[in-house]
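S.K.: Below you'll find the structure I mean.
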Amino acid sequence: MNINIKFFSTLRDIVGSPELLLKTDAVTAGELWVQLEKKFPKLSPFSASRAVAVNHEYVRADHKLHEGDEIAFFPPVSGG
Numbered sequence: 000m001n002i003n004i005k006f007f008s009t010l011r012d013i014v015g016s017p018e019l020l021l022k023t024d025a026v027t028a029g030e031l032w033v034q035l036e037k038k039f040p041k042l043s044p045f046s047a048s049r050a051v052a053v054n055h056e057y058v059r060a061d062h063k064l065h066e067g068d069e070i071a072f073f074p075p076v077s078g079g
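For the sequence shown, numbering that gives the first Met the number 0 begins at 0 and goes up steadily by one.
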């Protein structure tokens, strides 16, 4: 399936682009992240702390993906 993926902040810097169109066989958002880690190993440190949204709604890693979904990955946010 074709998925549009958006990256923000540090993740965008690692990938080298704010957006990717990817053909994938990943079933869940978590599986997609694992595929992205293989392609961009520097994403690995963010595995436990990144947030993911599908079609503008935050979801868990076990969220099932569908053709044409827009996935956004965010690094951890901190501040005070």
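Idealized CB from N, CA, C, for every residue including glycine.
Assuming leucine 64 and valine 26 are in contact, meaning their beta carbons sit under 8 Å apart, how far apart are those beta carbons, in whole angstroms?
M.R.: Confirmed, Cβ separation roughly 7 Å.
S.K.: In chain order, what are the residue ranges of uninterrupted beta strand (DSSP E) at least 3 long that sit wholly in the stretch 13 to 59?
M.R.: Within the stretch 13 to 59, the complete beta strand (DSSP E) runs of at least 3 residues are 18 to 22, 50 to 53 and 56 to 58.
S.K.: Rounded to whole angstroms, how far is the Cβ of asparagine 3 from the Cβ of leucine 31, which I believe are closer than 8 Å?
M.R.: About 11 Å; that fails the 8 Å criterion.
S.K.: Relative to the alpha-carbon of alanine 28, which residue among Glu69, Glu18 and Ala60 has its alpha-carbon at the smallest distance?
M.R.: Nearest C-alpha to alanine 28: Ala60.
S.K.: Relative to the C-alpha of lysine 5, which candidate in Leu42, Arg49 and Glu69 has its C-alpha closest?
M.R.: Considering only alpha carbons, the answer is Glu69.
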